[in-house]
Structure formats: structure tokens, C-alpha cells
Amino acid sequence: MSACLSAAAFAGNNRFQVKADEFDPGHTHLVQGAWLGGIGCPTNAKIALPNADFTGVGRFSMFTDTACTAGDPDDKNVEGLLLAKTGPSVTNFAAAVARIDGVRGEIIHELGWDIRKPGEDTSAGPRGSHCGAGAPRWDIQTRDGRFFFLGCNSPPAVQQPGVGFIRMRWGGAVPLLAFEVPSFALVDIRGLEIQTLTIVFDEGYDTGPDNFGVAILDNIDINGVLVGKGPTDADAR
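To convert a position in the sequence shown, counted from 1, into my numbering, add 12.
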């Protein structure tokens, strides 16, 4: 089956899940992964306009960030995926993660997300979410036993800046380049079959250019299917 046909079948028949979690074997409590309402990229979101004397709601209007004119139609609460690592990057063996369920066996064609970067035209800017060479990143294991990673800013994505978010896409009509481990050679992974797929955030606030240690993502894109909501264990911790 061709990559394009597989992507089309996937978009028509399947909906994956993005499960936020933490990898924290040392129980440091310095990482957090969670889907939270009200922090995602708004698509046709309702806003309440104040009345003339600011004592109540005058009327309602709609707001859409220009980065996400299309979003997850099942996301009714403007959810966003919060990934955070507090403190040092390398010396703390811990990470916020989001595991992608329901994609095993799919032929990879396109990956992407929307990242919260207010006032920035590029994901490399210092304001807003951390977007470095290594985090957030895609960790990709294929069915033939190969392993690849793709960083937020390495290799670069096609980008569509909006008001508060930037839409980022790898692959699609252009090569989907990722680094193969252990050679670190750049490889076009379109057409390979997915075994596991994970978003990893393991850079703390000692890593520039923002030194923030937090990223907010939305509308996780796999082969053109967008997921902007998911289960979280944040309330149970």
C-alpha cells in the first residue's frame, strides 16, 4: 500500500489517542505532562464581551487563532498539551511524555503540532513555549527495528504563524526528515511503518533560547488526523 493511500485510509477510519504522562523513575516530581482545558489553540472558541459598564456579559463572539483555523472538532474545551520540566536538563533523568496510542502499523507520512509562541513568527524565537533541537521531540520506532528522533527545531518544520500559536508540519508534500540512531544520519522516513510513537520533553529551564522549561502543544497531527484533547493523570497526582 502506498504512503498516500495509507494516510487517506488512516484519516478516514482511525482516531488515535495522545496520552500525557511522566517518565520519572527517580520520583523527582520535577516533570509534568497533562492535557488542560483553556490553554490550547482556539478554533471557533466562544468569547464573552463585557457590557457597557463591565459588570456582566454584554454578548458573545467567536475567536480563532489564525494558526489553527482547522482543529480537532472533538475538542470542546480548548484543551492543550502541557509538557514541563523544572530544573536541570541533563542531570535529572526525567521527562514529560505523551504516548501516541492507536498508530501501530500505520505508514508514516506526516507529523505535526501547534505550539504556543505568542508574538513569534518562527518557532526558534525566545518567547513562549520552549522549542529546541531536542525538545519537544518525536521519538519514532519503526516495525523494522529502527529508531529515529525529530526535534522541534531540528530538522526544521514548515511553519504557519498565528496570533498565539505556530502550526508546524514535517513531511506531507516534502520529505519527512528525522535523525536515525545511532548514526545520526538524516533519513526521509515517509513510507516506514510505525511501531511506537512518543512526544518527549526533557529540557529544563537551563536550556535556551527561552530558558523556560515548558511547552504547550495542541492539534497533534499524524498523517493529517488532528487530536487536540486527551486523558491525563494530572488531577489524580
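Built from N, CA and C at the ideal position, the CB exists for glycine as well.
Could you check the C-alpha separation between residue i and residue j for me, to the nearest Å?
i: GLY159; j: PHE191; result: Residue identity check: residue 159 is Phe in the sequence provided, not Gly. Rounded to the nearest angstrom, the two C-alpha atoms are 8 Å apart.
i: GLN172; j: GLY70; result: 33 Å
i: SER14; j: LEU189; result: Its pLDDT being 39, under 50, SER14 is placed unreliably in this model, and the coordinates cannot settle the point.
i: LEU95; j: THR210; result: 13 Å
i: HIS39; j: ASP33; result: 13 Å
i: ASP126; j: THR81; result: 11 Å
i: ASN56; j: GLY83; result: 9 Å
i: ASN44; j: VAL102; result: Position check: residue 44 holds Gln in this sequence, whereas Asn was assumed. Their Cα atoms are separated by approximately 17 Å.
i: ASN223; j: ASP113; result: 31 Å
i: ARG116; j: ASP156; result: 12 Å
i: ASP133; j: ARG149; result: 20 Å
i: PHE72; j: PHE66; result: 14 Å
i: ASP194; j: GLY68; result: A quick correction: the sequence has Pro, not Asp, at residue 194. Straight-line Cα distance between these residues: approximately 59 Å.
i: PRO37; j: ASN104; result: 10 Å
i: PHE196; j: ARG27; result: 31 Å
i: ILE234; j: GLY225; result: 25 Å
i: CYS164; j: VAL186; result: 17 Å
i: ASP86; j: LEU61; result: 25 Å
DSSP state of residue i, grouped into three classes?
i: ASN231; result: strand
i: VAL90; result: coil
i: PRO168; result: coil
i: GLU34; result: strand
i: SER195; result: coil
i: GLY183; result: strand
i: PHE72; result: strand
i: VAL212; result: strand
i: THR154; result: strand
i: VAL109; result: strand
i: PHE28; result: coil
i: PHE224; result: coil
i: ALA200; result: Reading off the sequence, residue 200 comes out as Asp, not Ala. In this structure, ASP200 counts as strand in the three-state DSSP scheme.
i: ALA15; result: Any reading at ALA15 needs caution, since the residue's pLDDT is 37, under 50, leaving its predicted position unreliable; the model's value is listed next. Note: ALA15 maps to helix in three-state DSSP.
i: ALA145; result: coil
i: GLU132; result: coil
i: GLY240; result: coil
So residue i and residue j are in contact, right, with Cβ under 8 Å, and what is the actual spacing, rounded?
i: PRO130; j: PRO221; result: Not quite, the Cβ-Cβ distance comes to about 15 Å (not below 8 Å), so this is no contact.
i: SER135; j: ILE178; result: 5 Å
i: GLY144; j: GLY92; result: That pair is no contact at about 19 Å.
i: ALA147; j: GLU215; result: 4 Å
i: THR154; j: LEU204; result: 4 Å
Residues in its own chain within less than 8 Å of residue i by CB, not counting five upstream and five downstream?
i: VAL175; result: ASP77, THR78, ALA79 and PRO130
i: ARG128; result: ILE51, CYS53, GLY92, GLY140, SER141, GLY176, PHE177, ALA227, ILE228, LEU229 and ASP230
i: ASP247; result: Bear in mind that a pLDDT of 48 at ASP247, under 50, signals an unreliable position, so the number given afterwards is only what the model happens to contain. Answer for ASP247: no residue qualifies.
i: MET74; result: ASN56, ALA57, LYS58 and ILE59
i: GLY242; result: GLN29, VAL30, LYS31, ALA32, TRP47, GLU91, LEU93 and ALA110
i: ALA169; result: GLY124, SER135, MET180, ARG181 and TRP182
Leaving out five residues on either side along the sequence, give the residues of the same chain with a beta carbon under 7 Å from the beta carbon of residue i.
i: PRO251; result: No answer is possible for residue 251: the residues shown for the chain start at 13 and end at 249.
i: LYS88; result: none
i: GLY49; result: ASN89, VAL90 and GLU91
i: ASP151; result: PHE161, THR210 and VAL212
i: ALA108; result: GLU34, VAL43, GLN44, GLY45, LEU95, ALA96, LYS97 and PHE213
i: ASP218; result: PRO100 and SER101
i: THR244; result: ALA32, ALA46 and TRP47
Can you give me the Cβ contacts of residue i inside the same chain, cut-off strictly under 6 Å, excluding the 5 residues immediately before and after it?
i: GLY99; result: LEU42 and GLY216
i: ASN63; result: GLY70
i: THR208; result: GLN153
i: GLY184; result: GLU122
i: CYS16; result: For CYS16, the predicted structure reports a pLDDT of 41, less than 50, and the residue's modelled location is therefore unreliable. A value from the coordinates is still provided. Closer than 6 Å at the Cβ level, and outside the excluded window around CYS16, lies no residue.
i: ILE232; result: VAL30, TRP125 and VAL239
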